[in-house]
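Residues in the sequence shown are numbered consecutively from 561, following this note's numbering.
Glycine included, C-beta positions come from ideal geometry on N, C-alpha and C.
Structure first, then comments.
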Amino acid sequence: MDYHSEFRRSIEQPEEFWQEQAAKIAWFRSPQTIWQPTDNGHGKWFPDGELNTCDVALDANIRAGRGDQKALIYDSPVTGITRSYTYNELTREVARFAGALQARGVDKGDRVIIYMPMIPEAVVAMLACARIGAIHSVVFGGFAAHELAVRIEDATPKAIVTASCGIEINRVIEYKPLVDKAIEESSHKPEVCIVYQRPQATAELKAGRDLDWSDVMATATEVAPVPVLATDPLYILYTSGTTGKPKGVVRDNGGHAVALRYSMSLVYDAKPGDVYWAASDVGWVVGHSYIVYAPLFAGCTTILYEGKPVRTPDAGAFWRVCQDHNVNLLFTAPTAFRAVRKEDPEADQLRKYNVSSLKRIFLAGERLDPPTYEWLKEHTGLPILDHWWQTETGWAICCNPVGTEMMATKPGSATVPTPGFNVQVLDPSGNQSPAGEQGQVVVKLPLPPGCLTTVWGDDERFRKTYLDVIPGYYSSGDGGYVDDEGYVFIMGRTDDVINVAGHRLSTGEMEEVIASHPAVAECCVVGAHDELKGQVPIGLVLIKDGATIAHDELEEELVEMVRDKIGAIACFRQAMVVERLPKTRSGKILRRIIRQIADGEDYAVPSTIDDPAILDEISSHFRR
561 MDYHSEFRRS IEQPEEFWQE QAAKIAWFRS PQTIWQPTDN GHGKWFPDGE LNTCDVALDA
621 NIRAGRGDQK ALIYDSPVTG ITRSYTYNEL TREVARFAGA LQARGVDKGD RVIIYMPMIP
681 EAVVAMLACA RIGAIHSVVF GGFAAHELAV RIEDATPKAI VTASCGIEIN RVIEYKPLVD
741 KAIEESSHKP EVCIVYQRPQ ATAELKAGRD LDWSDVMATA TEVAPVPVLA TDPLYILYTS
801 GTTGKPKGVV RDNGGHAVAL RYSMSLVYDA KPGDVYWAAS DVGWVVGHSY IVYAPLFAGC
861 TTILYEGKPV RTPDAGAFWR VCQDHNVNLL FTAPTAFRAV RKEDPEADQL RKYNVSSLKR
921 IFLAGERLDP PTYEWLKEHT GLPILDHWWQ TETGWAICCN PVGTEMMATK PGSATVPTPG
981 FNVQVLDPSG NQSPAGEQGQ VVVKLPLPPG CLTTVWGDDE RFRKTYLDVI PGYYSSGDGG
1041 YVDDEGYVFI MGRTDDVINV AGHRLSTGEM EEVIASHPAV AECCVVGAHD ELKGQVPIGL
1101 VLIKDGATIA HDELEEELVE MVRDKIGAIA CFRQAMVVER LPKTRSGKIL RRIIRQIADG
1161 EDYAVPSTID DPAILDEISS HFRR
């Protein structure tokens, strides 16, 4: 079936379509009801079905004869350790840790916070929770104690699973003191804290509450998967909210398994036995969906990488992993390859490795700027496929549907709506925007399986944030346009559209122009307040290693380029060269914070920031 037929059927006959997809996973009781509508165009998928997500990920593969196939490869350049687990081995570990949790009173529906680095035990803990029907909430390892406390307060976990430390470039971060401080700050006190001791730092255990991972595993009994309803929560994943209070995105079991299994076929064209690498972190949605769950649902081998794209040890790190483990499909964020391109602009490191196993490279998490796309395409010769999705959706809203047909790529476009997602672009009045005209990108309800079902403990916030903005639609908060061939272009958050003297302009377009300069490694553009024009764009620019252009000369050239490509109407007159850009740990540039600094406003340092000291550096540039 071609893409257009598949998409049309998913929108016009959704129950029949998703019933077919549901038949591709293992159920304890197959759903008879596929879709149960509620109000506001929202509803529940497969409400009477019963399954277990861990069973779908592990046991079902053993039943299919893949028990001796590698399920998980752990590659850690920061420790020098590489380790692999077959489906049989990983299932035994997970079943034992599930038994250890049950023995400590963790039951179906209880919450467990997992605060761990990128080690196999993090994956084991997630799958173990799923095995007994407990709801896991992974918090990015190394988050500040206060932010962990906020999540403990909100999720009220019965247990916390952590490690003694995480390992960054040239430093060890002790986790246990952060966990202790967070528990002390929170009014909710977890009953038990299980600690995996790493040799780089040994944590002190508090008597009566803290337990050593190796001790609980030594006495644990393997347990079988516990049946849960498709609509029961699988996990809570916190994402930033405009109020400053994080939103706990809730993912169900059934819709999640069906959607991710389908996505591995449609979006990635992954086959059982393929080696699939999502170069992300289990603390983020990409790590949940495409390190832990989807590859295992599809019978693939998944890679868990404890390292960086550069400096562990160099810009050839990704290519080395692809060579050593025969990676077939690589998925990461554009920011990772911008870092590689900055340190290795001619791709000299790539030529040191045999990456012939690679079939395709996928990028998501932020807008794929055309210069990064062109650099990757030129130096790898592979299909470079952008796709767009969000923490809230859990899988791609738009993609190049390689599982049905490979479509021509267009730099800057995430290609076309994924079957199940009725994507539309609306103007400020809620009317459909003409082809090529920018507006707010929305999805007509109902959302397909796999998307968030609510915000943990706050259904009103869920509706107000996502469903009530434009009744009948899911509001993505992103802006963009659809061209006359149906290709979707996501230009950034709608609050990154700036108004210059009455003209609505996309900072994403300006970034595209600036990033095409041969000396520019990375950039961002924000709209700063201007008494005369309302807002004017200001650029922040990182220069490539080895580039020798004077800063004033670069600024003049960038101003001229924006004038040539967009026009004088853009009023782009300032480009500051900086050493670093403020980003979240997942690599997203904190544009709103930069804009607040530019306007001299007070701002809150977000919990997700990679390095708070960068904000002082940026502030100093604006004070000059």
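Residue range of the unbroken beta strand (DSSP E) whose run includes residue i
| i | result |
| --- | --- |
| aspartate 946 | 944–946 |
| glycine 1094 | 1094–1103 |
| valine 1137 | 1134–1137 |
| phenylalanine 1182 | From DSSP, phenylalanine 1182 is part of no beta strand (DSSP E) but of the alpha helix (DSSP H) over 1173–1183. |
| glycine 603 | 603–605 |
| serine 644 | 641–646 |
| serine 993 | Serine 993 -> no beta strand (DSSP E), and no H or E assigned at all. |
| methionine 1051 | 1048–1053 |
| isoleucine 712 | No beta strand (DSSP E) holds isoleucine 712; the alpha helix (DSSP H) holding it covers 705–715. |
Residue from the options with nearest C-alpha to residue i
| i | options | result |
| --- | --- | --- |
| methionine 824 | Gly1010, Asp1124, Lys1148 and Glu1161 | Gly1010 |
| valine 810 | Ser697, Ala767 and Val835 | Ser697 |
| glutamate 934 | Gly996, Ser973 and Lys1004 | Ser973 |
| threonine 1108 | Asp1018, Gly815, Gly1094 and Val1137 | Val1137 |
| phenylalanine 657 | Val1080, Val755, Ala586 and Pro1172 | Val755 |
| isoleucine 720 | Ala893, Gly659 and Ala742 | Ala742 |
| leucine 936 | Asp670, Pro894, Gly768 and Trp948 | Pro894 |
| methionine 1051 | Glu1045, Ile1129, Met1070 and Pro931 | Met1070 |
| arginine 1053 | Cys689, Tyr1047 and Gly1068 | Gly1068 |
| leucine 1100 | Val1086, Gly843, Leu910 and Val1029 | Val1086 |
| glutamate 1177 | Ala838, Ala877, Glu1139 and Ala1079 | Glu1139 |
| valine 1029 | Val1002, Thr1013 and Tyr1047 | Val1002 |
| proline 905 | Leu1141, Ala875, Ile851 and Thr892 | Ala875 |
| isoleucine 1158 | Ala1164, Thr1144, Arg1183 and Lys1148 | In the sequence on display, residue 1158 carries alanine and not isoleucine. Measuring from the Cα of alanine 1158, the nearest candidate turns out to be Arg1183. |
| histidine 1077 | Leu1114, Asp1044 and Gly1094 | Leu1114 |
Unbroken alpha helix (DSSP H) run spanning residue i, endpoints
| i | result |
| --- | --- |
| leucine 856 | 854–857 |
| leucine 738 | 736–745 |
| histidine 1111 | 1111–1125 |
| tryptophan 595 | Element bounds for tryptophan 595: not the alpha helix (DSSP H) but the beta strand (DSSP E), 595–597. |
| glutamate 728 | Where glutamate 728 is concerned, there is no enclosing alpha helix (DSSP H), although the beta strand (DSSP E) it sits in stretches over 725–728. |
| serine 774 | 773–778 |
| proline 750 | Element bounds for proline 750: n/a, residue is neither H nor E. |
Between the CA atoms of residue j and residue i - distance to the nearest angstrom
| i | j | result |
| --- | --- | --- |
| aspartate 1056 | glutamate 1091 | 19 Å |
| alanine 1110 | lysine 1104 | 13 Å |
| aspartate 812 | proline 1008 | 12 Å |
| leucine 765 | serine 746 | 19 Å |
| proline 806 | alanine 1135 | 33 Å |
| glutamate 653 | alanine 660 | 11 Å |
| alanine 784 | proline 977 | 39 Å |
| glycine 815 | leucine 618 | 18 Å |
| isoleucine 727 | proline 759 | 11 Å |
| valine 1122 | alanine 968 | 27 Å |
| aspartate 1162 | arginine 1023 | 29 Å |
| arginine 568 | proline 979 | 8 Å |
| glutamate 751 | glutamate 713 | 14 Å |
| isoleucine 594 | glutamate 575 | 6 Å |
| leucine 771 | cysteine 753 | 6 Å |
| glycine 601 | serine 849 | 25 Å |
| valine 852 | glutamine 581 | 20 Å |
| alanine 540 | serine 565 | Outside the shown range of the chain, which is 561 to 1184, sits residue 540, and nothing can be said about it. |
| tyrosine 634 | aspartate 841 | 13 Å |
| isoleucine 641 | glutamate 782 | 27 Å |
Beta-carbon spacing of residue i, residue j below 8 Å
| i | j | result |
| --- | --- | --- |
| aspartate 929 | glutamate 1072 | yes |
| lysine 630 | arginine 821 | no |
| methionine 678 | leucine 923 | no |
| proline 1097 | phenylalanine 1132 | yes |
| valine 638 | glutamate 965 | no |
| valine 788 | glutamate 610 | yes |
| arginine 691 | cysteine 614 | yes |
| glutamate 963 | aspartate 834 | The identity of residue 963 in the sequence shown is glycine, whereas the question assumes glutamate. Cβ distance not < 8 Å, so glycine 963 and aspartate 834 don't count as in contact. |
| leucine 738 | valine 683 | no |
| tryptophan 1016 | alanine 715 | yes |
| glycine 1032 | leucine 1005 | yes |
| arginine 911 | leucine 889 | no |
| alanine 790 | proline 591 | yes |
| methionine 676 | alanine 709 | no |
| proline 931 | alanine 1075 | yes |
| glycine 847 | alanine 858 | no |
| valine 900 | proline 869 | yes |
Cβ of residue i within 8 Å of any chain D Cβ
| i | result |
| --- | --- |
| proline 931 | Here there is only one protein chain, and chain D is not present. |
Of all the alpha helix (DSSP H) runs that stay within the bounds of the segment 643–702, which reach a length of 4 or more residues?
647–663 and 680–692
Output the residue ranges of the beta strand (DSSP E) runs that lie fully inside the segment 996–1060 and measure 3 residues or longer, sorted by chain position.
999–1004, 1033–1042, 1048–1053 and 1057–1060
Threshold first: 4 residues or longer. Then list the alpha helix (DSSP H) segments lying entirely within the segment 867–898, N to C.
877–885
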